[in-house]
Structures are given as C-alpha cells and as structure tokens.
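Some notes on the structure that comes next.
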Amino acid sequence: MSKEVPTNTTAWAASYEEEPSQASVPPQPNGVTALKPLGWAPVNWAKANLFDTPLNTGLTVLCLAILWLTVPPMVNWLLLNAVWSGSSEACREAAGACWSIIAVKHRLIFFGTYPYEEQWRPFLACGLFVAMLGVSGVRAFWRPGLAVAWALVLVGMGVLMWGGILGLTYVANDRWGGLPITLMLSVFAIALAFPLSILLALGRQSSLPAIRTFCIGFIELMRGVPLVSVLFMASVMFPLFLPEGVTVDKLLRALAGLTLFTAAYLAEAVRGGLQAIPKGQYEAADALGLSYWQKTRLIILPQALRIVIPPIVNQFISCFKDTSLVTIVGLYDLLTAATVATTDPEWRPYFAEVYVFAGMIFWLFCFSMSRYSQWLERLANRYTRR
Amino acid sequence: MTENAIIELRKVGKWYNSYHALRDVSLSIGKGEKVVVCGPSGSGKSTMIRCINRLEAHQTGHIVVDGIELTDDVKAVEKIRRKVGMVFQNFNLFPHLTVLQNLTLAPIWVRGMAKSEIEEIAMMYLKRVRIPDQAHKFPGQLSGGQQQRVAIARALCMRPEIMLFDEPTSALDPEMVKEVLDVMTELAGEGMTMVCVTHEMGFARQVADSIVFMAEGSIIESGSPAEFFENPKSERTRQFLGQILEH
C-alpha cells in the first residue's frame, strides 16, 4: 500500500482522515489459508480444519467411525426397513420401525379418552388454538383486536371441548386428553406465570420488607421443591384446605401448580433483566417525575424483558415439556395418552415408535418456540444495540 | 439567606454508612440565579445537587424547593420533581425510545398533555438545541454531544422552573463540550434558575452569578465569579484553582 508523502499539513490531515479505511484491510489469518490455496476448496478446508494436527486427525477418524456405526442402522430402522401401514403381523416380520401403530393409534395419542365419534371437536379446538398462537406471533396483528379474537377463540374452544349447547353432547373435562391437555395446560400456565413472575421479580426488589420477604420466600420455596411434589400438593393437599362442599377442578389445580412453579423460575430470569438496567435509567425516570409504576412499565420493563428473552423462552420450553408430569395426578396429557396407546397387547412391542412420534410432536412445538424467540430477539434489538 | 429563595438548604447532613458525605451544607438560591458548584472529586457536590430533587435523601437539616419541604412524603417529592429538570453526566436517555419519544414521555404521563401538543413543543426544543433532524432516531445512533443536548431538551419539555446539571460535559469528547455549553449558556440567558456542577471554569466565569466551592462535604466558600477567581479567600480554594487553571 503506497502512501504519498504529504506536501503540506492540510494534505497530511486529509490522508490521516483516510487512514482508518486503509487500516481496515482484514489481516491475513495465520496458517494454511494465508497461502494461496491449491486444489479443490473442500479438500483444503478439510485439511485445514479436520486433519491439521495428529490429534485432530485422530478425533476426525473417531467421529467418522461413530457416525458410520450409528447412522446407517438408524436410517434403516427409521425409514428403509420401516413398515408404514398394515397389521401388526406385517410389523413382526420387518426389521425396521412399525409406523403402522401410529396409523392405528394416532387418534388415541392425540385425543386420549375423548369420545371417539366426537374427536373432531378437540381437533378443531387445537387447530384454532395453534392458529391463534401463530397469528399472535405476527407483528402486524399486535393490536387491540387480537385480545377480542382471543376471547372469542377461547369461548369457542370451551364450547367445542365441553359441549352441552348448540346440539353438542356434553363431555366432562376428566375425559379430555392428549394434545389439547398438553397445549392448554402449557399455554395457560405460561400466559399466567409470565405476569406473575414480573410481579414476583419486582416484589423481590421492593423496598417494602413485607412484600420483599414474601416474594423471596415464595420463589425459594417453589424453586426448592420438585415439580412432582408441587403437583401432588396442588391436587391432593390443596382440596383439604378448602371449605366443605367447595371443589376446584382437577385440571385447574394442576394448572395452578404448574403456573406457580413456572412463575418462580421465570421471576429469577426477569430479575436478571432488572438488575442489568443501569441505575441511571431509574434516576432519569425519577427525575422526570414518573411514578413507580410508570417508571416500571414505560422505562424499566421494556428494556429488562428484551435482555432476558432467551432465558424466558428457555423457561417456556421447559414448562411445555413439564406438562407431561401431570400424569402423576391422573391427567391424560399427550405423553400419557401415548403410553396408553402402547398397552394394547397386539401392538405392545412397538412402544419405541410411539415415543419417537410423541417426541417429534414435542420437538416441533419447542423448536418453533426457539426459532420464534430468535426472531423476537432480533426485532427487539434492531435499534437499541448500544 | 435571601427572602425570595427558590432553593433553600439549611444545615443539610448526609452519611453513606459511616462516610460523612455532606456536613451542615447551607445554601440559598434565588429565582433566576445561576450557581456553579465546583470542587475536587468526592467533595459532595453531586450528592448535594442530587438531594435537591431527592435522588438522594438527606438525613439532617432541611431542604425547601419553591416553598415545598422535601421529606419522605412521595407526593411532595413528585411535585418538586415536576418543577426541577435534571441533566446527568451520562445523559441517561432511554435507549429503547426514539429521541422524540424520550422528550414526550414524561409530559404525556406526568403532566397529562396531549400527544400532538407536546410533540409540537418537543420539536421546538429540538430546534433550539439544534438537532430537529434527529427526532426519529434512537439515542444509540447519536454522538455524545447530541445525546446530551437531547437530555437537556427532554428536561425542558417538562417546563421546569429549575434546572440541575450534574457534570453535564464530563463524559463528552472534548470537541463536543462546546455545543453543550452553548445550549446551557443560551438557557441561562433566558432567566432559568440553574444549579450546575461542572469543572468548566470558562463557563462558570461567563455565566454564573455565584460560584460555590466544596471540599470534604462542606461548602468552603462561595461568591461572585470575580471574587472567586481573582481573590479566593481560603487556601483550599487557591490550591484547587491552581490545579484546575494550570491547564
């Protein structure tokens, strides 16, 4: 890079101005790639990254061996040798997976013990629910009308699931099962736990000792107890404290347990966000005369929640999967329904297929949440990167 | 003590645990007066100015702002904060809001003003601090000097009677100090009551009605710029001026 010798100070200043662009030529990476590579690029890449030292060469060979031993049998079992339809006899002769059990049992897995002829109702309810969740994720729909739509959809779902009006037969909610239970429990638990967790996190930082002590006590108690015991307490012990004649539905009790448990974990994630906000933000809001709630709602939370999107969604995903634990209080979530599907003597040998299938459904929802959170993070940080 | 003081500190004391931050500070500032507070770091000048709008609570003595005494009473504090604007060393703009939203937020929520009305006023203040074209940018996209001018405009949008400046130019690159001081000088010319913690002695000489020198939590001396610079009374002041004016 040649640079002319400046003749006067102005020219010198001008060339100085340009210096950054000259300095920004990327430095040559050291090692193999610094030389003009000869031959085919992938081979060079492999040489530089996979076989550059004896240790790496060894590790590469080891990994290839493991892949060679595991991938082909897996593909064979899952796809090539699999039986896709037909009777259990056909499966007995095949070496691969028996996907016909899904074809035969999928209604039981998805809808549990809901009356067979009426299963279009939970199907429709789930469809509506998932569609609404999808719509709620789109920025263009973030307006007051969305709340109205949600209210209508929830009423519609209630009518579909319970029935008893509009000529639909009544189905008590202890006969619900499968995907509707998993979806509703997790989404309602998340939707209720999130605002609760914000209050808990704020309360934990409160200057009022009573509130602070209560929030710390609640969070530490809930975090210190396994979810299974929280669910047991909600479903077995809680009714003992209720006055005579008052009963709270089993589903609702499980939802309450799941909500409180999730809220305690979420509260800690939110607190992390609150603590990341510089003191100056609080002071600027105070100095402008904003009240505590105005400051919290307009200044602190919008910034704090952005920071903690990843841990919050992490907790959402965890909550979604945790719903499968409600089986211990006798609720038929997706995984329980799948387990029941494997108890048919004719199909008993093929439980693995059912669990792979159920796992895929769980994965689909969790992966969607994960991708959505990444999009949300990019949206939130578009302008405010400091 | 002046009859028509708008800010009155009487024997104000403050401790951080065992550290004595303010020792019997008494100060009286009249309406429209410009006071520059200076002193070495740790002298309590920021603590004192932050007590005036109760970002810090004093423990002994009295502070009365525009006839209202500062106590634990939240309502009184909120009333005073509406009258007192503050500009910070680190700007403290709200990074998730645009410049215009930074300016209009408090007037809308605290004063209950209509959005269209305050937006017009906000644009007027942005013009006065000479950055109307940045109204729809986010603070992170502005230079330090621009951010501090936005912060001044934000405080002015609340129509304060008093402006507090806590080292407004200390976090700025040298070439941006002037643009902020120019705005402050202009503001002083309009009769705003100003209390300013700063090391900018040129600004103090030009704008201040009186200069207060603090050290170790006490006011060592105060007086007009002429007296203060030409004829400082205490040895401590002479020492400080010697250090600061050498450069």
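For the protein sequence lines, the chains are A and B, in the order given.
So that you can map any letter, position 4 of the first sequence is 4 in our numbering, and since no number is skipped, the others follow by simple counting.
So that you can map any letter, position 23 of the second sequence is 1023 in our numbering, and since no number is skipped, the others follow by simple counting.
Glycine included, each C-beta is placed from N, C-alpha and C at the ideal position.
Small disclaimer: the values here were computed from a predicted structure and weren't measured.
1. How far does the beta strand (DSSP E) with Met1214/B in it extend, from its first residue to its last?
2. So with Cβ pairs under 8 Å, would you call Leu1142/B a contact of chain A?
3. In this structure, what does DSSP give as the bridge partners for Thr1062/B?
4. Relative to the C-alpha of Ser235/A, which residue among Leu69/A, Ala254/A, Ser368/A and Lys321/A is closest?
5. Skipping 5 residues on each side, what residues in its chain have a beta carbon closer than 8 Å to that of Glu346/A?
6. Could you name the residues of the region 289 to 307 of chain A whose beta carbon sits closer than 8 Å to any beta carbon of chain B, in the order they occur along the chain?
7. Can you list, in chain order, the residues of its chain with a C-beta nearer than 8 Å to that of Leu379/A? Leave out the 5 residues immediately preceding and following it.
8. Which one of Ile1052/B, Val1150/B and Tyr1019/B has the shortest CA to CA distance from Val1012/B?
9. So, at 6 Å on beta carbons, what are the nonlocal neighbours of Ala1208/B in its own chain, with the 5 sequence-adjacent residues on each side left out?
10. Give me the Cα-Cα distance between Met1086/B and Gln1141/B, rounded to the nearest whole angstrom.
11. Under a three-way DSSP split, which group does Leu252/A fall into?
12. In chain order, what are the residue ranges of uninterrupted alpha helix (DSSP H) at least 4 long that sit wholly in the region 1073 to 1119 of chain B?
13. Going along the region 100 to 126 of chain A in order, which residues come within less than 9 Å of chain B, judged by CB to CB distance?
14. I want to see whether chain A comes within less than 8 Å of Ala1208/B, judged by CB atoms only; does it?
15. Going by the DSSP bridge assignment, what does Trp1015/B pair with across the sheet?
16. Kindly indicate if chain B contains any beta-carbon less than 8 Å away from that of Ala269/A.
17. Between Gly280/A and chain B, is there a C-beta pair that is closer than 8 Å?
18. In the DSSP assignment, find the unbroken alpha helix (DSSP H) run with Ile1052/B in it and report its ends.
19. By the three-class DSSP mapping on this structure, what secondary structure does Cys1038/B have?
20. Can you pull the DSSP bridge partners for Glu1221/B?
21. Could you say which of Val1084/B, Phe1094/B and Gly1042/B lies nearest to Leu298/A if we only look at CA atoms?
22. Sort Val340/A, Asp333/A and Tyr372/A by Cα distance to Ile361/A and report the nearest one.
23. Evaluate Asp1073/B with the Cβ neighbour count: other Cβ atoms within 10 Å of its Cβ, from every protein chain shown; 16 or more gives buried, anything less gives exposed.
24. Express the C-alpha separation of Lys1079/B and Phe1213/B in angstroms, rounding to a whole number.
25. Just to confirm, are Leu1009/B and Gly1061/B a CB contact at a threshold of 8 Å?
26. Could you tell me which of Arg121/A, Leu288/A, Lys321/A and Pro311/A sits nearest to Pro1160/B, measuring between CA atoms?
27. Taking 8 Å as the CB-CB cut-off, is Phe1229/B touching chain A?
28. Looking at chain B, is there any beta carbon in it that lies within less than 8 Å of the beta carbon of Asp392/A?
29. What does Asn1090/B touch in chain A if you count any residue whose Cβ is under 7 Å from its own?
30. From this set, Ala1155/B, Ala1106/B and Lys1014/B, which residue's C-alpha is nearest Asp1166/B's C-alpha?
31. If the criterion is Cβ atoms closer than 8 Å, does the pair Ile1063/B and Leu1164/B meet it?
32. Report the CB separation of Val1110/B from Leu290/A in whole angstroms; it is logged as a contact under 8 Å.
33. Closest to Pro308/A by CA distance: which of Ala269/A, Gly245/A, Ala264/A and Phe111/A is it?
34. Below 7 Å between beta carbons is the criterion; list the residues of the region 1093 to 1107 of chain B that meet it against any residue of chain A, in chain order.
35. Kindly confirm or deny that the region 175 to 191 of chain A and the region 322 to 329 of chain A touch, where touching means at least three C-beta pairs closer than 8 Å.
36. Is there at least one Cβ from chain A nearer than 8 Å to Glu1078/B's Cβ?
This is what the structure gives:
1. Ser1210 to Ala1215
2. no
3. Residue identity differs from the one stated: residue 1062/B is His in this sequence, not Thr. DSSP, once it has assigned bridges, lists Arg1010/B as partnering His1062/B.
4. Ala254/A
5. Ser88
6. Gly289, Leu290, Ser291, Gln294, Leu298, Ile299, Pro302, Gln303 and Arg306
7. Arg139
8. Ile1052/B
9. Lys1034, Val1036 and Pro1225
10. 22 Å
11. helix
12. 1074 to 1083 and 1099 to 1109
13. none
14. no
15. His1020/B
16. no
17. yes
18. Lys1045 to Ile1052
19. strand
20. Phe1213/B
21. Phe1094/B
22. Asp333/A
23. exposed
24. 29 Å
25. yes
26. Leu288/A
27. no
28. With chain A covering 1 to 386 only, the question about residue 392/A has no answer from this structure.
29. Gly280
30. Ala1155/B
31. no
32. 6 Å
33. A quick correction: the sequence has Val, not Pro, at residue 308/A. Comparing Cα positions, the closest option is Ala269/A.
34. Phe1094, Pro1095, His1096, Leu1105 and Ala1106
35. yes
36. yes
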